[in-house]
Structures are given as C-alpha cells and as structure tokens.
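Participant: Residues 1 to 312, numbered by UniProt numbering, are exactly what the sequence shown covers, in order. Positions of the beta carbon are idealized from the N, C-alpha and C atoms, including for glycine. Note that the coordinates shown come from a computational prediction; the quantities given were computed from them, not determined experimentally.
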Amino acid sequence: MSNPSTSTSKHLLSTSVGAGVAILLVALLFRGCGTWGQTTVLPKVASPAATEVAQPAEKPVATKPMLLTGVNKNGKFELSGVVPTDEFKTNIEMELKKTFGEGNYLNNLTVSADVKPASWLSKTAGMFDVFKLPGSEMDINADKMVLSGTAGSLKEKVQGFFGDSMKVVALDVAMTAKEATSNALNALNALGDDATGLQVLDALGVQIINFPSGSTMIPADNKDVLKKAAALLKSKQNFKFEVGGHADNQGKAASNLSLSNKRAAAVRSFLIAKGVPADMMTAKGYGDTQPIADNNTESGRLKNRRIAYKPL
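Dropping the structure here:
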C-alpha cells in the first residue's frame with residue numbers, strides 16, 4: 001500500500017510543473033507578439049477610394065447646331081457664326097483668303113465646344129466660290145443651307161458641290177411664310193380645349209405673318225390661324241400675354257418702331273374681335289431692337305420681321 005502523503009506530494013509537484021510550463025509558454029507568446037501591456041499598431045492601408053486616380057471630367061455633349069451666315073457686299077465677303085473647333089476655323093480662314101484674297105473678306109467666326117460638327121465639314125475646299133457674286137447670301141443651320149439674294153439662282157450648283165452632306169434651298173419668302181402658317185394651324189388643331197395658354201402661344205408663334213411692305217394688313221392665311229388661337233384662348237381665365245411686334249433693320253429706326261407697334265396692335269385687335277378679352281393681352285412694338293437672326297441676309301431679315309407672343 002502506498003503512502004497517501006507521498007501520492008499527494010507527487011500530484012502537487014506535477015500540477016506546479018504543468019502550471020509553470022503554461023505560464024512560460026504564455027510569456028513567450030506575448031514576447032513574440034510585442035511588449036506586455038502594449039498594443040501592436042499595424043500600418044494603415046489606404047482605402048480603395050483614396051488610391052483611385054482622379055478621372056478627367058467628361059466633356060459636355062455638343063448639342064447646338066452649327067450656324068453660319070455669309071453675305072457678299074459689293075465684292076467683300078463677310079462670314080459670321082459659331083463653329084466647333086479651332087482647326088475648322090483655321091481651314092475656313094485659309095479658304096476665304098484663297099477665294100477672295102487678302103483684305104476682301106471678314107471672318108467673324110467664333111469657336112464653341114457646345115456646337116455639334118456638321119456632316120459637310122470635309123467640304124470646305126471651294127465652298128465659297130459661288131459667293132464671289134456681289135449680293136449673294138447664305139444661311140447655314142447644321143446641314144441645311146438657305147441661299148438668298150443673287151445666290152438664289154445657284155441652288156443646283158451649290159447642291160451639286162455638297163451632295164448628300166447638305167440640303168440646299170433657295171429662299172422663297174411667300175412659300176416659307178405659307179409653310180410656317182400651315183404648321184402653326186396644324187399645331188393649334190392638335191391642341192384640345194384643356195391646352196394651357198402657354199401651349200397656345202407656342203403654337204401660334206410658329207406662323208409667319210408676312211405683312212405687305214409698310215402695311216398692317218393681316219393676310220387671309222394668318223387670319224385662319226388667329227381665329228383658331230382665339231377660340232382656345234378666350235376661355236383661359238387669369239391668363240395674360242403680350243403681342244410683340246418686331247422689325248428688321250431696313251429703314252429708319254423710328255419708322256420701324258412705329259410700324260412694329262401698329263402691327264402688334266392690329267393682331268391684338270383681330271384677336272379681340274374673335275372673342276379674346278381685351279384685358280387678357282397687351283400690344284407693344286420693339287422695332288429692330290431685338291433681332292433673332294442676322295439682318296445682313298434676306299433670310300435673316302424675314303425671321304426678324306415677326307409677331308411674338310409671351311406670357312405676362
């Protein structure tokens with residue numbers, strides 16, 4: 001039989017040795033990881049967002065049409081408008097110099113990244129040859145060219161030069177006014193009785209009232225448009241608007257102001273006669289002070305001679 005005290009001593013010794021080994025292992029473990037009681041600081045890792053390379057801002061999408069106006073005044077050609085690049089402006093400058101010679105042209109082009117390049121940009125070589133003719137005029141809007149003045153008879157020649165890249169038309173004032181008036185009537189007919197006053201004015205403004213020179217007489221086609229507009233406007237309670245008369249810059253400014261005022265008043269009087277309340281609208285002439293197109297061309301002057309409508 002074994003001695004109980006001896007057995008107990010062996011057990012205590014074994015336990016003490018085991019505990020000592022455990023303490024030693026823990027101490028070694030902490031020593032390997034760092035100083036006891038201190039926290040190991042790990043290096044900071046930059047977040048993906050912080051390491052991303054800054055991307056260049058996206059270029060704005062060019063949406064505006066390229067507009068050019070050219071006119072030959074007594075053998076000197078003047079070109080105005082907005083083009084998409086400096087390179088294109090330089091090409092035009094070289095072509096103008098080649099066609100008209102130094103001192104016989106004026107290049108007023110400006111450059112804007114907002115302008116959408118037209119499909120005919122590669123057709124600059126020789127494009128101004130037909131405009132050596134004094135009195136020749138052109139208006140370009142994107143891929144459409146309107147010829148006026150002495151250039152009107154050169155439509156086929158210019159169209160042949162540009163081919164499918166440009167639609168070339170000769171200005172016909174009467175036909176242009178007729179088409180615009182027809183479009184205005186169609187727009188008004190498409191509106192229901194629930195149309196807003198602003199929608200009616202927008203449709204009404206599509207028409208061109210081609211007054212006889214120096215006259216306030218409203219052509220019959222335009223009266224049909226005004227009648228339809230009156231039928232829609234007269235029920236628009238609390239809606240007020242202005243009938244504005246505008247002129248081109250031909251003649252004296254005072255005369256243009258007087259005539260534009262009389263034409264605006266004539267349109268207002270017609271609308272009143274067709275049932276639009278008199279207190280719904282005012283009439284005002286602006287003369288040639290607010291052009292929307294270049295007065296150097298017949299096409300531009302046609303656009304500037306207008307009746308405009310705006311809500312009050």
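Just curious, the beta strand (DSSP E) that Phe161 is in, first and last residue?
Facilitator: In the sequence shown, residue 161 corresponds to position 161, counting from 1. Looking at the DSSP string, Phe161 is not in any beta strand (DSSP E); the run it does join, the alpha helix (DSSP H), is 155 to 162.
Participant: List the residues that DSSP assigns as beta-bridge partners of Ser148.
Facilitator: As a working note, residue 148 is residue 148 in the sequence shown. BP columns for Ser148 point to Glu137.
Participant: Roughly how many angstroms separate the alpha carbons of Phe88 and Leu154, rounded to a whole number?
Facilitator: Here the question's residue 88 lines up with position 88 in the sequence shown. Here the question's residue 154 lines up with position 154 in the sequence shown. Roughly 25 Å separates the two Cα atoms.
Participant: Under a Cβ-count criterion, where at least 16 other Cβ atoms within 10 Å of its own Cβ denotes burial, should Gly32 be classed as buried or exposed?
Facilitator: As a position in the sequence shown, residue 32 is number 32, starting the count at 1. For Gly32, the predicted structure reports a pLDDT of 46, less than 50, and the residue's modelled location is therefore unreliable. A value from the coordinates is still provided. So Gly32 counts as exposed.
Participant: Have a look at Gln199, Leu67, Phe211, Met138 and flag the residue whose alpha-carbon is nearest the alpha-carbon of Val169.
Facilitator: Residue 169 sits at position 169 when you count from the first residue of the sequence shown. Cα-wise, what sits closest to Val169 is Met138.
Participant: My assumption, with CB atoms under 8 Å, is that Arg263 sits in contact with Thr297. Please give the rounded CB distance.
Facilitator: Residue numbering aside, residue 263 sits at position 263 when the sequence shown is read from its first letter. Residue numbering aside, residue 297 sits at position 297 when the sequence shown is read from its first letter. Between Thr297 and Arg263 the Cβ distance is about 22 Å, and since that is not below 8 Å, they are no contact.
Participant: Mind the definition here: the region 194 to 212 touches the region 144 to 164 only if three or more C-beta pairs lie below 8 Å; say whether that holds.
Facilitator: As far as the Cβ criterion goes, the region 194 to 212 does not touch the region 144 to 164, which means the pair count is below three.
Participant: Short of 6 Å in beta carbon distance, which residues of its chain neighbour Gly197, apart from the five on each side in sequence? Order them along the chain.
Facilitator: Mapped onto the sequence shown, residue 197 falls at position 197. Excluding sequence neighbours, Gly197 sits near Lys236, Phe239.
Participant: Under the three-state reduction of DSSP, which class applies to Ala176: helix, strand or coil?
Facilitator: The sequence position of residue 176 within the sequence shown is 176, counting from 1. Before going further, note that residue 176 is Thr rather than Ala in the sequence given. Helix.
Participant: What is the residue span of the alpha helix (DSSP H) that Ile92 lies within?
Facilitator: Within the sequence shown, residue 92 is the residue found at index 92, counting from 1. First-last of the alpha helix (DSSP H) with Ile92: 86 to 100.
Participant: Say whether the region 105 to 116 touches the region 67 to 83, bearing in mind that this needs 3 or more beta-carbon pairs closer than 8 Å, one atom from each stretch.
Facilitator: Counting Cβ pairs under 8 Å, three or more are found: they touch.
Participant: Do Leu257 and Gly300 have their CB atoms nearer than 7 Å?
Facilitator: The residue given as residue 257 occupies position 257 in the sequence shown. The residue given as residue 300 occupies position 300 in the sequence shown. No, Cβ-Cβ distance for Leu257 and Gly300 is not below 7 Å.
Participant: Kindly list the residues whose CB is nearer than 6 Å to the CB of Asn72, restricted to its own chain and excluding five residues on each side of it in sequence; keep chain order.
Facilitator: Walking along the sequence shown from the start, residue 72 turns up at place 72. Closer than 6 Å at the Cβ level, and outside the excluded window around Asn72, lie Phe131, Pro134, Ser136.
Participant: Fully enclosed by the UniProt domain "OmpA-like" (198 to 312), which alpha helix (DSSP H) runs are 4 residues long or longer?
Facilitator: You should have 220 to 233, 253 to 273, 298 to 304.
Participant: For Phe77, which three-state DSSP category applies?
Facilitator: For this step, residue 77 is matched to residue 77 along the sequence shown. Strand.
Participant: Quick one: Cα of Ser260 to Cα of Gly244, how far?
Facilitator: As a first step, residue 260 is located in the sequence shown; it is residue number 260 there, counting from the start. As a first step, residue 244 is located in the sequence shown; it is residue number 244 there, counting from the start. Roughly 8 Å separates the two Cα atoms.
Participant: Quick one: is Lys310 buried, meaning 16 or more other Cβ sit within 10 Å of its Cβ, or exposed?
Facilitator: Translated into positions along the sequence shown, residue 310 becomes position 310. Flag for Lys310 reads exposed.
Participant: Along the beta strand (DSSP E) that carries Ala190, what are the first and last residues, could you check?
Facilitator: Position 190 of the sequence shown holds residue 190. That residue, Ala190, is in no beta strand (DSSP E); it is neither H nor E in DSSP.
Participant: When you compare each of Gly126, Leu302, Met127, Met281 to Leu233 by their alpha carbons, which one comes out closest?
Facilitator: As a working note, residue 233 is residue 233 in the sequence shown. That would be Met281, whose Cα lies nearest to the Cα of Leu233.
Participant: When DSSP labels each residue in this structure, what does Val111 get in the three-state scheme?
Facilitator: For the purposes of this step, residue 111 is identified with residue 111 of the sequence shown, where counting begins at 1. Val111 falls in the strand class under three-state DSSP.
Participant: When you compare the CB positions of Thr124 and Glu93, do they come within less than 7 Å of one another, or not?
Facilitator: Residue numbering aside, residue 124 sits at position 124 when the sequence shown is read from its first letter. Residue numbering aside, residue 93 sits at position 93 when the sequence shown is read from its first letter. No; because the gap between Cβ atoms is not below 7 Å, this pair is not in contact.
Participant: Measure the Cβ-Cβ separation of Asn141 and Leu191 and say whether it is below 7 Å.
Facilitator: Along the sequence shown, read from residue 1 onward, the residue named residue 141 stands at position 141. Along the sequence shown, read from residue 1 onward, the residue named residue 191 stands at position 191. Against a cut-off of 7 Å, the Cβ pair of Leu191 and Asn141 comes out as no contact.
Participant: Count the other CB atoms within 10 Å of the CB of Gly75; is the residue buried (16 or more) or exposed (fewer)?
Facilitator: Position 75 of the sequence shown, counted from the start, is the residue given in the question as residue 75. By the 10 Å Cβ count, Gly75 comes out exposed.
Participant: Using the rule of at least 16 other Cβ atoms within 10 Å of the residue's Cβ for burial, across every protein chain shown, is Met175 buried or exposed?
Facilitator: In the sequence shown, counting from the first residue as 1, residue 175 sits at position 175. Flag for Met175 reads exposed.
Participant: Can you give the Cα-Cα distance for Gln207 and Glu102, rounded to whole angstroms?
Facilitator: Locating residue 207 in the sequence shown gives position 207, counting from the first residue. Locating residue 102 in the sequence shown gives position 102, counting from the first residue. Taking the straight line from one Cα to the other gives about 42 Å.
Participant: Comparing C-alpha positions only, which one of Gly126, Leu121, Asp143, Leu185 sits nearest to Asp86?
Facilitator: Mapped onto the sequence shown, residue 86 falls at position 86. Among Gly126, Leu121, Asp143, Leu185, the Cα nearest to that of Asp86 is on Leu121.
Participant: Who are the near neighbours of Gln290 in its chain, counting only those whose CB is closer than 7 Å to its CB and skipping five residues on each side?
Facilitator: For this step, residue 290 is matched to residue 290 along the sequence shown. Closer than 7 Å at Cβ, skipping near neighbours: His246.
Participant: Could you pull the DSSP bridge partners for Thr69 from this structure?
Facilitator: Taking the sequence shown and counting its residues from 1, the one referred to as residue 69 is at position 69. According to DSSP, Thr69 bridges with Ser80, Asp139.
Participant: Can you have a look at Ala181 and say buried or exposed, based on whether 16 or more other CB atoms are within 10 angstroms of its CB?
Facilitator: Here the question's residue 181 lines up with position 181 in the sequence shown. Note that residue 181 is Thr in the sequence shown, not Ala. It is buried - the Cβ of Thr181 has at least 16 other Cβ atoms within 10 Å.
Participant: Pull the bridge partners of Ala170 from the DSSP assignment, please.
Facilitator: Taking the sequence shown and counting its residues from 1, the one referred to as residue 170 is at position 170. Ala170 pairs with Leu147.
Participant: To the nearest angstrom, report how far apart Gly152 and Asp224 are at their CA atoms.
Facilitator: To locate residue 152, count along the sequence shown from 1; it is residue 152. To locate residue 224, count along the sequence shown from 1; it is residue 224. Gly152 and Asp224: Cα-Cα distance of roughly 30 Å.
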